[in-house]
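Read through the structure below, which is laid out as structure tokens, and then see the notes.
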Amino acid sequence: MQSPSNTLELRVDDAKLIVTLNRPEQSNALNGDMVDALFWVFDQLKQREDIRVVLLKAKGKNFCAGLDMRDPSFVPGERSVRNVWRTQRRIAAIYQAMRACPQPIVALVQGAAAGGGFSLALASDIRVLAEDARMNAAYIKIGLTGCDMGSSYFLPRLVGTSIASELLLTGRFIHAQRSLALGLASDVVSHDQLETTGHALLNEMLSNTPMGLRLTKETLNYSINASSLEAAMAFEDRHQALLSLTADSEEAINAFLEKRPPEYQDK
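Numbers 197 to 463, taken from my numbering, label the letters of the sequence shown in order.
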């Protein structure tokens with residue numbers, strides 16, 4: 197996969213896609229090129245069954261400092277509702293594409309993840325934090341509502357309404373150890389263990405069936421918004437019935453009984 201912008205590095209390693217934010221001198225702040233490149237990558241993934249998992253990381257000391265307020269593409273010549281709305285939707289589309297793509301996304305966060313950078317972590321499926329990681333919904337600090345780029349959706353579901361309200365109403369940072377204690381992060385590790393830990397998670401996922409991975413993410417997405425236990429279990433039943441009829445499911449059972457690694461064909 198060829199990156200559409202030098203603000204983003206892409207590397208395909210077998211069934212893994214490694215996406216690296218590449219504006220370290222600007223703390224990987226989101227400029228127009230990076231916004232468009234991120235949307236393009238995650239939107240393309242819907243068509244890429246050869247890519248099964250994604251690692252999202254960043255160069256430099258900070259994961260992502262949020263929107264680059266100095267970028268001219270975010271400063272329309274005319275301040276109108278229409279122009280501001282276009283910019284808003286241009287950025288918001290990234291996070292929707294992240295949730296819509298079938299591949300699980302593991303985010304590796306070091307240093308600051310603020311505003312839109314915080315939302316990149318929130319929109320991922322799993323977050324692994326370096327010990328110095330700190331994240332905040334910075335929007336309220338610049339005269340806006342704290343609810344932006346999916347923060348009002350993701351945070352209450354991840355940490356509950358009370359903690360979400362604290363973070364969104366104050367704009368204060370949540371640090372690595374508190375994130376771990378609240379379940380916002382899966383792990384907190386040293387800088388030199390960050391990428392190793394991320395790849396270990398990806399490798400463990402890749403030991404499972406390709407369709408099983410895709411449908412697990414899809415079912416979780418549906419179940420988070422399900423109106424009842426019955427509705428959530430209806431999605432589960434549908435996907436389990438589909439998967440039980442695949443060749444990979446039969447291979448998984450045979451491999452288990454024969455005490456050998458499975459060989460999946462995504463069939």
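Glycine included, C-beta positions come from ideal geometry on N, C-alpha and C.
Here the structure is a predicted model, which is why all the values come from computation and not from measurement.
Output the distance between the C-alpha atoms of Ser199 and Asp383, rounded to the nearest integer angstrom.
29 Å
Name the two residues that bound the continuous beta strand (DSSP E) containing Asp383.
383-385
Cβ neighbour criterion (16 or more within 10 Å) applied to Gln306
Counting the other Cβ atoms within 10 Å of the Cβ of Gln306 gives 16 or more, which makes it buried.
My parser needs the beta strand (DSSP E) runs of 3 or more residues fully inside the region 381-426; what are they?
383-385
Give the straight-line distance between the Cα atoms of Lys242 and Ser419, rounded to the nearest whole angstrom.
20 Å
Inter-residue CB distance, Ala293 and Phe350 (contact presumed, cutoff 8 Å)
Incorrect: roughly 15 Å between the Cβ atoms, too far for contact.
Grouping DSSP H, G and I as helix and E and B as strand, with all else coil, what is Glu362?
helix
Tell me the DSSP secondary structure of Lys455 in three-state form.
coil
Helix, strand or coil for Thr216? Go by DSSP, reduced to three states.
In the structure shown, Thr216 sits in a strand (DSSP, three-state: E or B).
Counting beta carbon pairs with one atom in the region 297-313 and one in the region 352-362, are three or more of them shorter than 8 Å?
no
What residues in its chain sit with their C-beta under 7 Å from that of Gln461, if we drop five residues either side in the sequence?
Ala443, Asp444
Within the same chain, show all residues whose beta-carbon is closer than 7 Å to that of Met407, passing over the 5 residues directly before and after it, in chain order.
Leu439, Thr442, Asp444, Asp462
Could you name the residues that DSSP lists as bridge partners for Leu206?
Val215
Leaving out the 5 sequence neighbours to the left and right, which residues in its chain are closer than 6 Å to Arg410 when beta-carbon positions are compared?
Pro298
Pick from Ile214, Leu402, Leu304 that is closest to Ala317, judged by C-alpha positions:
When each option's Cα is compared against that of Ala317, the closest is Leu304.
Provide the residue(s) that pair with Cys260 in DSSP beta bridges, ordered along the chain.
Residue pairing from DSSP places Cys260 in a beta bridge opposite Ala309.
Exposure of Arg266, with buried meaning 16 or more beta-carbon neighbours within 10 Å
exposed
Over what stretch of residues does the alpha helix (DSSP H) that includes Asn279 continue unbroken?
277-296
Within 10 angstroms of the Cβ of Val231, are there 16 or more other Cβ atoms? Answer buried if so, exposed if not.
Under this definition Val231 is a buried residue.
Around the Cβ of Gly379, are there at least 16 other Cβ atoms within 10 angstroms (buried) or fewer (exposed)?
Taking a 10 Å sphere around the C-beta of Gly379, we find fewer than 16 other C-beta atoms and assign the residue as exposed.
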